[in-house]
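Okay, structure first, notes after.
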Amino acid sequence: MKVDFHCHTTASDGSLSPKEIIDLALKHEVTTLAITDHDTTSGYEQALDYANKNNIQLITGVEASCTWNGHTIHIVGLDFDLNNQVLQNGLTSIRELRHERANSMIEKLASKPHIKIENLEDKLWNLVGEGVVGRGHFSQLLQQEGLVKTGQQAFDRYLKKGKPGHVGVTWPDLAEVVDWINQANGIAVIAHPGIYKFTSNKLNRLITDFKEAGGQAMEVVNQPRHCADINGMAERALRNELYASLGSDFHRPEHSWRGLGWLAPMPQTVKPVWELFRSSII
Ligand code: MN
Ligand code: MN
Ligand code: MN
């Protein structure tokens, strides 16, 4: 058994098509996978038949953006009813917000004389293709145009708060997004809890509010090597009676530090999230 419950395809901001991600799962011997594209289930839908043919167990998944106390938080939804209208309508509303934000970002960047990208708008939408637009696409464009060398530089110089391409957005509230997932009989999971760089107290407050909203799990393993972070998150999950999930957050093969299924084993102490799945995993 080898699982990965967090990855992206061209349906959002990943570089591999849904079919290619199944091929990669086969190559990496991942047996159960959740495609968790940003605010869309289209990648799952496109991959399902091909996954079945290749004996890859595909769990429904999504990574939804929400707002909690002014911060953007990502909530992964797992094993939900794909056709639930509350969830699907909610995801559509987030995609619309993403689209509006992208247009404002294009306008802001294009209005700065020192940022010389010809046909910025066309190039950006060309990169997005069939996907769901996100800041990652802007980061890619800035790298492609030679304005920055790395994704980190793109965020530090152009995209983060206070920088020329930053546009604030208020996503639906945390409680609302958790509720959509629950209404679809799914499991809400706090994605990459370490990424927000919250103090321990603040992370506890997030977890309290998340649980109050009906959230059931948090990601404990996001990386290949066992480390203090994993132990810390495992303890936090235990203390808060949350189930533990794991996922690589794979986006593209060029990110050599993040392979599909490349994950440290789940600590023995926690309850794995798949205990909540409707079918047992293979
Ligand atoms: Mn992404
Ligand atoms: Mn995320
Ligand atoms: Mn992700």
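Here the sequence shown is numbered in my numbering, starting from 870 and rising by one per residue.
Ideal Cβ positions, reconstructed from N, Cα and C, are used throughout, including at glycine.
- Remark: C-beta atoms of residue 1010 and residue 1028 do not approach each other more closely than 7 angstroms.
- In the three-state scheme derived from DSSP, where H, G and I count as helix and E and B as strand, residue 1086 is classed as strand.
- In this structure, residue 1094 lies near residue 1133, with their beta-carbon atoms less than 7 angstroms apart.
- Taken in chain order, the complete alpha helix (DSSP H) segments of 4 or more residues contained in the segment 1019-1081 are 1020-1023, 1043-1052, 1069-1081.
- Separation of the CB atoms of residue 1099 and residue 1136 is rounded to 7 angstroms, and the pair is thereby assigned contact status at 8 angstroms.
- Put simply, the backbone Cα of residue 1073 is about 43 angstroms away from that of residue 922.
- Distance from the CA atom of residue 981 to the CA atom of residue 1032, rounded to whole angstroms, is 11 angstroms.
- Within the segment 890-944, complete alpha helix (DSSP H) segments of at least 4 residues are found at 911-922, given in chain order.
- In the three-state reduction of the DSSP assignment, residue 882 falls in the coil class, being assigned neither a helical nor a strand state.
- The count of Cβ pairs closer than 8 angstroms, one atom from the segment 901-912 and one from the segment 958-974, reaches three, so the stretches are in contact.
- Excluding its 5 nearest sequence neighbours in each direction, residue 1148 has no C-beta neighbour in its own chain below 7 angstroms.
- When beta bridges are read from the DSSP output, residue 946 appears opposite 931, 1057.
- Put simply, the segment 948-958 does not touch the segment 875-893. Fewer than three CB pairs are less than 8 angstroms apart.
- Within the chosen limit of 6 angstroms, ligand 2 does not reach the beta carbon of residue 903 with any heavy atom.
- In the same chain as residue 897, and ignoring 5 residues on each side of it, the C-beta atoms closer than 6 angstroms to its own belong to 1129, 1130, in chain order.
- Counting of Cβ neighbours within 10 angstroms places residue 1070 among the exposed residues, the total staying below 16.
- By the criterion of at least three beta-carbon pairs nearer than 8 angstroms, the segment 933-950 is not in contact with the segment 971-988.
- The Cβ atoms of residue 1039 and residue 936 sit closer than 7 angstroms to each other.
- Distance from the CA atom of residue 1005 to the CA atom of residue 1065, rounded to whole angstroms, is 17 angstroms.
- The closest heavy atom of ligand 2 lies less than 6 angstroms from the beta carbon of residue 1060.
- Residue 1062 and residue 1121 have their C-alpha atoms roughly 21 angstroms apart.
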